[in-house]
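Remarks on the structure that follows.
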Amino acid sequence: MLFEMVYTRSVTIAPCMSTDLHGKNTYGTAVTVPACIDYTVKNIRDFDGNTFITSAWIALPPTTTINYKSQVTLPNGDTSYVGSISEAFDEEAGEVLYLEVYLGRVAPGEGAL
Numbered sequence: 128m129l130f131e132m133v134y135t136r137s138v139t140i141a142p143c144m145s146t147d148l149h150g151k152n153t154y155g156t157a158v159t160v161p162a163c164i165d166y167t168v169k170n171i172r173d174f175d176g177n178t179f180i181t182s183a184w185i186a187l188p189p190t191t192t193i194n195y196k197s198q199v200t201l202p203n204g205d206t207s208y209v210g211s212i213s214e215a216f217d218e219e220a221g222e223v224l225y226l227e228v229y230l231g232r233v234a235p236g237e238g239a240l
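Residue numbers (this note's numbering): 128 to 240.
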């Protein structure tokens, strides 16, 4: 492996267990995961193609389990919504280097900060 991510911080990720009729999610037990974090504000496209204003970018180990309904808590205590998940892939080595996740304070498709 030519590239190895150095994770200097950590986040907690709780899986969404269920969603009630009003759209409120219930979360399972959170796990602490090593991460690289950059608090950045930018416009991206979320998983549905909507404009999403980010509050942070995080890099996670490639084995991390996360999806768009997961609840992510940053070291500063902010609970963020997942707007985008992608893999940083090393084509030469044929492996995923890390997961790249953009987070926001407002749920995707629900408006501005």
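No residue lacks a Cβ here, since even glycine has one placed at the ideal position from N, Cα and C.
By the beta-carbon neighbour count (other beta carbons within 10 angstroms, threshold 16), Ser197 is buried. Under the 8 Å Cβ criterion, the stretch 206 to 226 does not count as touching the stretch 142 to 150, having fewer than three qualifying pairs. The distance from the Cβ of Arg136 to that of Pro202 is about 6 Å, consistent with a contact at the 8 Å cut-off. If you look at Pro161, you'll find it in the beta strand (DSSP E) that goes 158 to 165. The continuous beta strand (DSSP E) containing Asn152 extends over residues 152 to 154.
Between Ala157 and the set Glu219, Gly221, Val199, the nearest pair of CA atoms involves Val199. Around the CB of Leu148, fewer than 16 other CB atoms lie within 10 Å, so the residue is classed as exposed. Spatial neighbours of Trp184 in its own chain (CB-CB distance under 6 Å, excluding positions within 5 residues in sequence) are listed in chain order as Asp165, Thr167, Tyr229. The beta carbons of Phe174 and Tyr195 sit about 5 Å from each other, so the pair counts as a contact at 8 Å.
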